[in-house]
Amino acid sequence: KLYGVGSNDADYTVTGYSDVDGKLKQTWRCPYYKVWTNMLKRCYCPKYQVTMPTYKAATVDPEWFSFTAFKSWMEEQVWEGLELDKDILSAGGKVYSKETCCFVPRRINSILLINPETRGPYPLGVSLTASGKYQAVCKDVSARAKGLGTFPTEMQAHSAWQMFKSKVIQEVAGAYTKESHGREDVYVNLMTVASKLVDESKQGKETVSMWS
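Residue numbers (this note's numbering): 101 to 312.
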(Lines of atoms letter the chains of each structure in order from A and count residues from 1; the text may use other names and numbers.)
(Lines give C-alpha, C1' and ligand atoms only; values in the text may rest on other atoms or scores of the structure.)
Protein backbone atom coordinates (compact mmCIF):
# COMPACT_ATOMS: atom_id res chain seq x y z
CA LYS A 1 0.00 0.00 0.00
CA LEU A 2 1.43 3.35 -1.02
CA TYR A 3 1.54 5.57 2.10
CA GLY A 4 -0.51 2.88 3.81
CA VAL A 5 -3.62 3.34 1.64
CA GLY A 6 -2.91 3.48 -2.11
CA SER A 7 -3.13 0.50 -4.46
CA ASN A 8 -1.30 0.63 -7.79
CA ASP A 9 -3.70 -1.60 -9.72
CA ALA A 10 -2.53 -0.49 -13.18
CA ASP A 11 -2.11 -3.15 -15.86
CA TYR A 12 1.03 -1.44 -17.20
CA THR A 13 4.38 -0.28 -15.88
CA VAL A 14 4.03 3.23 -14.50
CA THR A 15 7.75 4.05 -14.60
CA GLY A 16 10.37 3.58 -17.31
CA TYR A 17 14.13 3.16 -16.90
CA SER A 18 17.04 3.53 -19.30
CA ASP A 19 20.77 3.12 -19.23
CA VAL A 20 22.33 6.57 -18.83
CA ASP A 21 26.13 6.63 -18.83
CA GLY A 22 26.24 3.09 -17.56
CA LYS A 23 23.69 3.64 -14.80
CA LEU A 24 20.03 2.65 -14.74
CA LYS A 25 17.95 5.79 -14.26
CA GLN A 26 14.25 6.55 -14.30
CA THR A 27 13.52 8.37 -17.55
CA TRP A 28 9.72 8.27 -17.63
CA ARG A 29 6.85 8.27 -15.17
CA CYS A 30 3.17 8.01 -15.96
CA PRO A 31 1.71 11.53 -15.52
CA TYR A 32 -1.49 10.14 -14.01
CA TYR A 33 0.51 8.10 -11.51
CA LYS A 34 2.61 11.13 -10.61
CA VAL A 35 -0.44 13.26 -9.75
CA TRP A 36 -2.01 10.37 -7.82
CA THR A 37 1.08 9.66 -5.70
CA ASN A 38 1.59 13.36 -4.95
CA MET A 39 -2.01 13.58 -3.74
CA LEU A 40 -1.56 10.61 -1.40
CA LYS A 41 1.75 12.00 -0.20
CA ARG A 42 0.16 15.27 0.91
CA CYS A 43 -2.44 13.47 2.98
CA TYR A 44 -0.65 10.41 4.34
CA CYS A 45 3.11 11.08 4.48
CA PRO A 46 4.13 12.30 7.96
CA LYS A 47 7.50 13.59 6.69
CA TYR A 48 5.81 15.74 4.07
CA GLN A 49 3.37 17.13 6.63
CA VAL A 50 6.23 18.32 8.84
CA THR A 51 7.02 20.96 6.20
CA MET A 52 3.41 21.36 5.00
CA PRO A 53 1.28 21.08 8.18
CA THR A 54 -1.82 22.46 6.45
CA TYR A 55 -2.33 18.99 4.93
CA LYS A 56 -2.54 17.19 8.29
CA ALA A 57 -6.34 17.35 8.19
CA ALA A 58 -6.61 16.44 4.50
CA THR A 59 -7.84 13.04 3.32
CA VAL A 60 -8.56 11.21 0.07
CA ASP A 61 -11.89 9.66 -0.81
CA PRO A 62 -11.41 5.87 -0.42
CA GLU A 63 -12.54 5.42 -4.03
CA TRP A 64 -9.30 7.13 -5.06
CA PHE A 65 -7.12 4.77 -3.07
CA SER A 66 -7.28 2.83 -6.34
CA PHE A 67 -4.91 4.30 -8.92
CA THR A 68 -7.04 3.19 -11.87
CA ALA A 69 -10.15 4.81 -10.37
CA PHE A 70 -8.29 8.11 -10.02
CA LYS A 71 -6.79 7.76 -13.51
CA SER A 72 -10.24 7.20 -15.06
CA TRP A 73 -11.44 10.47 -13.55
CA MET A 74 -8.31 12.40 -14.51
CA GLU A 75 -8.51 11.22 -18.13
CA GLU A 76 -11.83 13.09 -18.39
CA GLN A 77 -10.33 16.36 -17.16
CA VAL A 78 -8.31 19.11 -18.81
CA TRP A 79 -5.12 18.74 -16.77
CA GLU A 80 -1.94 19.29 -18.80
CA GLY A 81 0.09 22.14 -17.37
CA LEU A 82 -2.37 22.53 -14.47
CA GLU A 83 -2.41 21.55 -10.78
CA LEU A 84 -4.85 19.40 -8.84
CA ASP A 85 -6.92 21.48 -6.39
CA LYS A 86 -9.37 20.37 -3.70
CA ASP A 87 -10.24 23.74 -2.14
CA ILE A 88 -11.91 25.94 -4.73
CA LEU A 89 -14.97 23.85 -5.57
CA SER A 90 -15.51 22.82 -1.95
CA ALA A 91 -14.79 26.24 -0.39
CA GLY A 92 -11.80 25.07 1.59
CA GLY A 93 -12.80 21.44 2.02
CA LYS A 94 -10.29 18.85 3.21
CA VAL A 95 -11.18 15.85 1.01
CA TYR A 96 -9.79 14.96 -2.41
CA SER A 97 -12.68 13.47 -4.39
CA LYS A 98 -14.54 13.59 -7.71
CA GLU A 99 -16.90 16.19 -6.32
CA THR A 100 -14.29 18.50 -4.80
CA CYS A 101 -11.34 18.40 -7.20
CA CYS A 102 -10.44 20.21 -10.38
CA PHE A 103 -7.30 21.27 -12.23
CA VAL A 104 -6.29 24.94 -12.16
CA PRO A 105 -3.22 27.01 -13.10
CA ARG A 106 -0.48 27.29 -10.48
CA ARG A 107 -1.06 31.04 -10.08
CA ILE A 108 -4.61 30.41 -8.82
CA ASN A 109 -3.37 27.95 -6.23
CA SER A 110 -0.70 30.44 -5.21
CA ILE A 111 -2.98 33.42 -4.61
CA LEU A 112 -5.20 31.34 -2.32
CA LEU A 113 -2.37 29.81 -0.31
CA ILE A 114 -2.26 30.63 3.40
CA ASN A 115 0.17 29.07 5.85
CA PRO A 116 -0.85 30.33 9.31
CA GLU A 117 1.92 28.34 10.99
CA THR A 118 4.62 30.54 9.44
CA ARG A 119 3.04 33.99 9.23
CA GLY A 120 3.99 35.22 12.71
CA PRO A 121 1.92 37.01 15.38
CA TYR A 122 0.28 39.57 13.10
CA PRO A 123 -2.67 39.31 10.69
CA LEU A 124 -2.11 38.16 7.13
CA GLY A 125 0.05 40.52 5.09
CA VAL A 126 1.19 42.50 8.13
CA SER A 127 4.57 42.97 9.80
CA LEU A 128 5.93 45.37 12.41
CA THR A 129 8.56 47.86 11.25
CA ALA A 130 11.51 49.17 13.24
CA SER A 131 9.67 52.47 13.65
CA GLY A 132 6.81 50.76 15.42
CA LYS A 133 4.35 51.07 12.54
CA TYR A 134 2.67 48.21 10.72
CA GLN A 135 3.55 47.45 7.12
CA ALA A 136 1.21 45.79 4.64
CA VAL A 137 2.65 43.63 1.84
CA CYS A 138 0.82 41.51 -0.73
CA LYS A 139 1.83 39.69 -3.90
CA ASP A 140 0.47 41.22 -7.09
CA VAL A 141 -0.83 39.43 -10.19
CA SER A 142 2.76 38.75 -11.25
CA ALA A 143 3.49 37.12 -7.86
CA ARG A 144 5.81 39.98 -6.90
CA ALA A 145 5.65 41.31 -3.35
CA LYS A 146 4.16 44.80 -3.34
CA GLY A 147 4.41 47.17 -0.40
CA LEU A 148 1.07 48.78 0.42
CA GLY A 149 2.35 51.33 2.92
CA THR A 150 2.68 51.62 6.69
CA PHE A 151 -0.17 52.15 9.14
CA PRO A 152 -0.58 53.07 12.82
CA THR A 153 -2.49 49.86 13.65
CA GLU A 154 -2.14 46.26 12.51
CA MET A 155 -5.81 46.08 11.52
CA GLN A 156 -5.47 49.10 9.23
CA ALA A 157 -2.51 47.41 7.56
CA HIS A 158 -4.47 44.16 7.35
CA SER A 159 -7.40 46.00 5.75
CA ALA A 160 -5.08 47.32 3.05
CA TRP A 161 -3.92 43.75 2.44
CA GLN A 162 -7.52 42.48 2.27
CA MET A 163 -8.54 45.06 -0.33
CA PHE A 164 -5.45 44.55 -2.48
CA LYS A 165 -5.72 40.75 -2.23
CA SER A 166 -9.34 40.95 -3.35
CA LYS A 167 -8.31 43.01 -6.38
CA VAL A 168 -5.58 40.51 -7.30
CA ILE A 169 -7.99 37.57 -7.07
CA GLN A 170 -10.52 39.37 -9.27
CA GLU A 171 -7.88 40.14 -11.90
CA VAL A 172 -6.56 36.59 -11.94
CA ALA A 173 -10.09 35.16 -12.06
CA GLY A 174 -11.00 37.42 -14.97
CA ALA A 175 -7.94 36.38 -16.96
CA TYR A 176 -8.62 32.72 -16.14
CA THR A 177 -12.07 32.79 -17.75
CA LYS A 178 -10.50 33.75 -21.08
CA GLU A 179 -8.28 30.67 -21.14
CA SER A 180 -9.30 27.47 -22.91
CA HIS A 181 -9.40 25.52 -19.65
CA GLY A 182 -11.36 28.19 -17.75
CA ARG A 183 -14.31 26.91 -15.70
CA GLU A 184 -17.34 28.94 -14.67
CA ASP A 185 -17.65 27.24 -11.26
CA VAL A 186 -14.02 28.03 -10.44
CA TYR A 187 -14.52 31.65 -11.47
CA VAL A 188 -17.66 32.03 -9.34
CA ASN A 189 -15.95 30.62 -6.24
CA LEU A 190 -12.91 32.85 -6.73
CA MET A 191 -15.14 35.91 -6.94
CA THR A 192 -16.88 34.77 -3.75
CA VAL A 193 -13.52 34.78 -1.98
CA ALA A 194 -12.75 38.25 -3.36
CA SER A 195 -16.09 39.58 -2.06
CA LYS A 196 -15.49 37.99 1.33
CA LEU A 197 -12.19 39.83 1.71
CA VAL A 198 -13.84 43.16 0.93
CA ASP A 199 -16.67 42.49 3.39
CA GLU A 200 -14.24 41.56 6.16
CA SER A 201 -12.19 44.70 5.50
CA LYS A 202 -15.28 46.92 5.79
CA GLN A 203 -16.35 45.13 8.98
CA GLY A 204 -12.91 45.43 10.57
CA LYS A 205 -12.77 41.64 10.76
CA GLU A 206 -9.50 39.73 10.48
CA THR A 207 -9.18 37.24 7.62
CA VAL A 208 -7.89 33.95 8.97
CA SER A 209 -9.03 31.78 6.08
CA MET A 210 -9.89 32.36 2.45
CA TRP A 211 -12.99 30.26 2.86
CA SER A 212 -14.62 30.79 6.26
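We put the CB at the ideal spot given by N, CA and C, even for glycine. As the structure is a computational prediction, the values presented were derived from the model and not from experiment.
> Who does VAL226 pair with in a DSSP beta bridge?
Replying inline: The partner list for VAL226 (beta bridge, DSSP) reads ALA236.
> So PRO223 and MET255 are in contact, right, with Cβ under 8 angstroms, and what is the actual spacing, rounded?
Replying inline: At roughly 7 angstroms, the Cβ-Cβ gap stays under 8 angstroms, so PRO223 and MET255 are in contact.
> Would you say the segment 130-138 touches the segment 162-178, given that touching needs at least three Cβ pairs under 8 angstroms?
Replying inline: Contact between the segment 130-138 and the segment 162-178 is present: three or more C-beta pairs spanning the two stretches fall below 8 angstroms.
> From ALA61 to ASP109, what distance separates their C-alpha atoms?
Replying inline: The question about residue 61 has no answer, for the chain in this structure spans 101 to 312.
>> Excluding the 5 residues flanking VAL178 on each side, which residues of the same chain have their C-beta closer than 7 angstroms to its C-beta?
In response: So the list reads PHE203 and HIS281, once near-sequence residues are dropped.
>> I need the straight-line Cα distance from TYR103 to TYR148, nearest angstrom please.
In response: Going from the Cα of TYR103 to the Cα of TYR148 covers about 11 angstroms.
>> Do ALA236 and LEU248 count as a contact pair if the criterion is CB distance below 8 angstroms?
In response: At the C-beta level, LEU248 and ALA236 come within 8 angstroms of one another.
> Where does ARG244 sit, in a helix, a strand or coil, going by DSSP?
Replying inline: In the displayed model, ARG244 falls within coil according to three-state DSSP, outside both helix and strand.
>> If distances are taken between C-alpha atoms only, which option among GLU183, GLY116, ALA260 and THR113 comes closest to GLN303?
In response: Measuring from the Cα of GLN303, the nearest candidate turns out to be ALA260.
> DSSP puts PHE251 in a beta bridge; with which residues?
Replying inline: Checking the DSSP bridge columns, you'll see PHE251 partnered with TYR234.
>> Let me make sure I understand the geometry here. Which of GLN126, VAL150 and THR159 has the alpha-carbon closest to that of VAL105?
In response: Selected option, being the one with the closest Cα: THR159.
> CA-CA distance, GLN270 and ILE188?
Replying inline: Their backbone Cα atoms lie some 14 angstroms apart in a straight line.
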